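Taking it in order: structure first as C-alpha cells, then the write-up.
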Amino acid sequence: MSASLRRRLDRVQEQHDRPIRARLERIMRTHGVRLPQQEVDEIVTRQRGAGAWIQQRSLQLQAAGLTAEQIFDQMMTERGQTA
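The following block contains the structure:
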C-alpha cells in the first residue's frame, strides 16, 4: 500500500473515530473522571466495528430462528456482558 493511500485511509479512520472520542470525552466530563489516553484509544478501537458487528450478527441469529430476546441475550454473552 502506498504512503499516500495509507495517509488517506488514516484520515478516514480519524474522521470516523472523532464522534466516538467526543462522546467518550463528554461522558468522562459529566462523571468527573479521566482515563489514561491508552484506555481511551482502546475504547475507541473497540467501538469502531461495533455497529457492523451488531448488524451482521443479528441477521445471522435471526436467520437461525432466534427470537429478538434470544438474539439480545446471545449477543450480550458474545460481547462478554450480561443483560
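Here the sequence shown stands for residues 9 to 91, numbered as in the working numbering. Don't be surprised by glycine CBs; every beta carbon is placed ideally from N, CA and C. As the structure is a prediction and not an experimental result, all values here were calculated from the model.
Length of the line joining the Cα atoms of residue i and residue j
i, j, result
"isoleucine 35", "isoleucine 28", "11 Å"
"glutamine 21", "glycine 40", "28 Å"
"leucine 74", "aspartate 81", "10 Å"
"isoleucine 62", "alanine 72", "15 Å"
CB-CB length for residue i against residue j, believed under 8 Å
i, j, result
"methionine 83", "arginine 65", "6 Å"
Residue interval of the alpha helix (DSSP H) (run including residue i)
i, result
"proline 44", "From DSSP, proline 44 is part of no alpha helix (DSSP H); its letter is neither H nor E."
"leucine 74", "That residue, leucine 74, is in no alpha helix (DSSP H); it is neither H nor E in DSSP."
"serine 10", "Element bounds for serine 10: n/a, residue is neither H nor E."
Proximal residues to residue i (C-beta, below 8 Å), its chain only, five neighbours per side dropped
i, result
"arginine 93", "An answer regarding residue 93 cannot be provided, because it is not within the stretch 9 to 91 covered by the chain."
"serine 49", "The sequence shown places aspartate at residue 49, not serine. Cβ within range, chain order: n/a, list empty."
7 Å Cβ shell around residue i - same chain, five flanking residues per side excluded
i, result
"isoleucine 51", "Leu32"
Residues near residue i in its chain [Cβ-Cβ closer than 6 Å; skip 5 each side]
i, result
"aspartate 25", "Val52"
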